[in-house]
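To start, the structure itself, in structure tokens.
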Amino acid sequence: MADYESNAHNVYFTASFMPDPKVRLVGTIGYNKSTAEYKSVTMPDVSDRISADPVFPGEIGNDPEKFEFTEMPDYSDLDYELIQFSLGIAYEVSPGVRLTADADYADLTDNQGYVYGIESGSLFIIRTGIQFDF
Amino acid sequence: MKHKSMIALCVLSALVVMTVAASARDSEPVQNYSIWVGSHYTSLTDYAKKVGEYNLGNDEFLPEFKGVYQYRDVDKLITVDGHYFDQKNIDGMITGIFGDRFRGMAYCRSMIRQDGQDLLANMAAREMTAAGDPGGKILSHEIQDLGADYNTHRFEAGTDVDILLSRKNNIRMMVAHRSIFKKGEEQKVASNHCFSCHLTSKTMDVDRQTHQFQTGIQADVSDFTVGYQFGFRYFDSRAEDVTAYYDNAQHPMTGGSQSEFASRLNYDDTTMAYGTYPETQKMSHKLRFKGDIGKGRFSSSIGYSIAKNKGTDLEADAWTGAASYTMLLAQRTRLIAKIAGTRLTSDDPFIDLADYREGMDGTNTEAAITNFDFVRYSVLDRADAKASAEVISRVSPQTTVSVMAGYNHVDRYDYPTIDEHYKTDKFYGQAKIRYRKGLRYSNMIKYRFEKTSAPFRSFRGLFEAAGRDIMEPDVTPGGTFTGYLFSYYLRENLRYQNITTQPTDAHMFEFSATYRPTMKTSIMFGVKGQYDKNGDLDSLDVKHLSLRPHANLTLNPSPKWSVLTGYTFGYYKSRGPVAVALFDG
Chain H
1249 MADYESNAHN VYFTASFMPD PKVRLVGTIG YNKSTAEYKS VTMPDVSDRI SADPVFPGEI
1309 GNDPEKFEFT EMPDYSDLDY ELIQFSLGIA YEVSPGVRLT ADADYADLTD NQGYVYGIES
1369 GSLFIIRTGI QFDF
Chain V
321 MKHKSMIALC VLSALVVMTV AASARDSEPV QNYSIWVGSH YTSLTDYAKK VGEYNLGNDE
381 FLPEFKGVYQ YRDVDKLITV DGHYFDQKNI DGMITGIFGD RFRGMAYCRS MIRQDGQDLL
441 ANMAAREMTA AGDPGGKILS HEIQDLGADY NTHRFEAGTD VDILLSRKNN IRMMVAHRSI
501 FKKGEEQKVA SNHCFSCHLT SKTMDVDRQT HQFQTGIQAD VSDFTVGYQF GFRYFDSRAE
561 DVTAYYDNAQ HPMTGGSQSE FASRLNYDDT TMAYGTYPET QKMSHKLRFK GDIGKGRFSS
621 SIGYSIAKNK GTDLEADAWT GAASYTMLLA QRTRLIAKIA GTRLTSDDPF IDLADYREGM
681 DGTNTEAAIT NFDFVRYSVL DRADAKASAE VISRVSPQTT VSVMAGYNHV DRYDYPTIDE
741 HYKTDKFYGQ AKIRYRKGLR YSNMIKYRFE KTSAPFRSFR GLFEAAGRDI MEPDVTPGGT
801 FTGYLFSYYL RENLRYQNIT TQPTDAHMFE FSATYRPTMK TSIMFGVKGQ YDKNGDLDSL
861 DVKHLSLRPH ANLTLNPSPK WSVLTGYTFG YYKSRGPVAV ALFDG
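Shown next as structure tokens:
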């Protein structure tokens, strides 16, 4: 028997501000931490079964060191942290015409890389443009 | 080319709808446009496939476009919305409503997804000798394309149209379709036979298609509405098969005992395709009937579907039926009663295996040769019946109370052995209270309890019994060796008892509250939780617990400021059996 436990925390903050009727600012901060793991594996005592085994009676040991699988929970560990920031600005240069600029940044930290290796990495996107409203 | 054709179809649909709108207008319409033209630059650092799972990244400025168009008239509404991020990330949708005559929608979605490469690092093990040194059997792996850049491009397009053919009898026709194309490359791992315990990882092309089509018609006849609906679904993979070499049967260390090892296998020393996808199709028919009966409203349907694996020529069919009845018990009290039933039947394939130990040299005896051929009876074969009743009452202008009770019966055929039935019964009850006081308070609390008798389990432990005496365990607690020469040593008692992760008792709880102290402030919080366990198992301790609290705050302190902040937490704990694979079984 074993317990499998996962936790996911997510905090976010978004604000928009219009210092001027022509200017709009939007910002976002996000933080996510996710963990998952097997707790210790509990194996039953099967001494009786081993001694009564009809094929290899008593030959297969019941050494706790060999069968406790103490390292197995480590193989299941997942531990990620993701931080995200974004900032955007829109400026109305004339009625129906706006200039926009946005930046997004995300940084992922993998504290327990395993199946795919260490997956830590970051992403940065910058976007600029002009919007026409008719 | 097909993707371009689908995009062209979307654009054509948009033009047709807009043309119809322009020609049909009989009053001054209102039109709004918004177009955004720009560019973006993406940079990925270190490992890109997780943080940039849906973004390939380009270290250069690429053009980007967005557009929104809306056309409004007295009884017409058309909207067109599109976003071009790059060649493989495109969204577009057009919707149109023309009075009660026509409602239509067409869309396309295109996206990329990056997949990581399983390094198979957990697929490495070796036996330890009595002296404590590595030795004996070994599990190894081989990645033939280390560092491969797996990614897939998914393109989806669909339409959904509802047309009023005649106002007499309100005859309506519905047509909908959806197509999904997936292309790229993915990882496929082949597992060799256990004597060589070796895994091989290769790159496989992805070229899969799914097409769905639905059409139906309905009409009002007297006080009732009747309808018919036909559905078709098709899936196929057109990617070239990836192959792996399966080692020659022999002792992994000495290279000897070839006939001994080969006599236990269906194939060896050969190259075979693996990780293939089936070509499948499904057709369905459904009849609907609804109307007012007595003091209430009645709605029902009966359906038949047949699904086929065209590669293996296996079929599964299903009859379904459902009915619901809604009526007022009192001025502010409503009853909703529902019943539903399903009958699933699937083909029973014959599994033709090579005789076990045939051709073995030396100590071979005829008695040792065993035929493991069998008919695979599916646990999909079943009858499933559901019934529920819910009473909803508005006990005061602010408070609504609902109480529901239900029952679900599942009868699995030919399980655990042929002609036997394995039946599961589930009873559940639910109570819910909602309290609202204007816009200031809105609260809801709900509790649900489910009691299940004999939830699905795997008989005889971790191994499914296939209805053959030969698979009876030859190692029994305190028993004797029956001499089948087929013995797996399993350290756990789990082998010989009921195995399931399904609960017999489940408690579900939900609470949410919204509080608006002022029109500029809103506070919301709540929690969802579930606890379940199985109390019918011999020695296993199976239970699950999940909690999902959340809270958020919305502030609009001035017309210039808007703030949203919050926190969510998800906790999940599961306790169940763990199977550990060991050398020697």
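The listed protein sequences derive, respectively, from chains H and V. Here the first sequence is numbered in the numbering used here, starting from 1249 and rising by one per residue. Here the second sequence is numbered in the numbering used here, starting from 321 and rising by one per residue. From the three backbone atoms N, C-alpha and C, an ideal C-beta is built for every residue, glycine too. Predicted model only: the values in this text are computed from it and were never measured.
- Think of a sphere of 9 Å around the beta carbon of residue 356/V: the chain H residues whose beta carbon falls inside it are 1346, 1348, 1377, 1378, 1379, 1380, in chain order.
- When DSSP assignments are scanned along the region 477-505 of chain V, no uninterrupted stretch of alpha helix (DSSP H) that is 4 or more residues long falls wholly within it.
- Residue 613/V holds the alpha-carbon nearest to the alpha-carbon of residue 648/V among 667/V, 613/V, 659/V.
- At the C-beta level, residue 701/V and residue 732/V come within 8 Å of one another.
- Sixteen is the threshold: when 16 or more other Cβ atoms of the shown chains lie within 10 Å of the Cβ of residue 400/V, as they do, the residue is buried.
- Straight through space, the alpha carbons of residue 348/V and residue 1358/H are spaced by roughly 58 Å.
- Considering only beta carbons, the part of the region 1355-1368 of chain H lying closer than 9 Å to chain V consists of 1355, 1356, 1358, 1361, 1362, 1363, 1364, 1365, 1366, 1367, 1368, in chain order.
- Residue 892/V and residue 1254/H do touch by the CB rule: their CB atoms are close to 5 Å apart, below 8 Å.
- The Cβ-Cβ distance between residue 1347/H and residue 1374/H does not fall below 8 Å.
- Identification of chain H residues near residue 438/V by a Cβ-Cβ cut-off of 7 Å yields 1363, 1364, ordered along the chain.
- In the structure shown, residue 678/V adopts coil according to DSSP, grouped into three states.
- Unbroken beta strand (DSSP E) stretches of 3 residues or longer found wholly inside the region 595-644 of chain V: 600-613, 616-629, given in chain order.
- Apart from sequence neighbours up to five positions away, the residues of its chain that approach residue 1278/H with a beta-carbon distance below 6 Å are 1260, 1332, ordered along the chain.
- In the DSSP assignment, residue 368/V falls within the unbroken alpha helix (DSSP H) covering 368-371.
- Cα atoms of residue 454/V and residue 505/V: separation of roughly 37 Å, rounded to the nearest angstrom.
- Listed in chain order, the non-local C-beta contacts of residue 1370/H below 6 Å within the same chain comprise 1355, local neighbours out to five positions each way being set aside.
- Not one beta carbon of chain V lies nearer than 8 Å to the beta carbon of residue 1334/H.
- DSSP, reduced to helix, strand and coil, places residue 692/V outside both helices and strands of the structure shown, so it counts as coil.
- Per DSSP, the beta-bridge partners of residue 551/V are 534/V, 604/V.
- Excluding residues up to 5 positions away in sequence, 647, 648 lie with their Cβ nearer than 8 Å to the Cβ of residue 615/V in the same chain.
- For residue 367/V, at least one C-beta of chain H is nearer than 8 Å to its own C-beta.
- Closest in C-alpha terms to residue 824/V, from the list 619/V, 698/V, 863/V, comes 863/V.
- Taking one beta carbon from each stretch, the region 485-492 of chain V and the region 431-450 of chain V have fewer than 3 pairs nearer than 8 Å; the two do not touch.
- Considering only 642/V, 600/V, 588/V, 713/V, the residue with the shortest C-alpha distance to residue 608/V is 642/V.
- Taken through DSSP and simplified to helix, strand or coil, residue 588/V comes out as coil.
- With a cutoff of 8 Å on beta-carbon distance, residue 739/V and residue 729/V are scored as not near each other.
- Between the alpha carbons of residue 668/V and residue 735/V lies a gap of roughly 13 Å.
- Residue nearest to residue 833/V within the set 760/V, 589/V, 849/V is 760/V (criterion: CA-CA distance).
- Residue 697/V carries a coil assignment under DSSP once its states are collapsed to helix, strand and coil.
- Looking at the DSSP output, residue 724/V shares a beta bridge with 710/V, 750/V.
- A Cβ of chain H is located within less than 8 Å of the beta carbon of residue 889/V.
- For residue 508/V, no Cβ of chain H is located within less than 8 Å of the residue's own Cβ.
- As the crow flies, the alpha-carbon of residue 376/V is around 39 Å from that of residue 895/V.
- Within chain H, 1249, 1251 have C-beta atoms less than 7 Å from the C-beta of residue 895/V, given in sequence order.
- In the three-state scheme derived from DSSP, where H, G and I count as helix and E and B as strand, residue 468/V is classed as coil.
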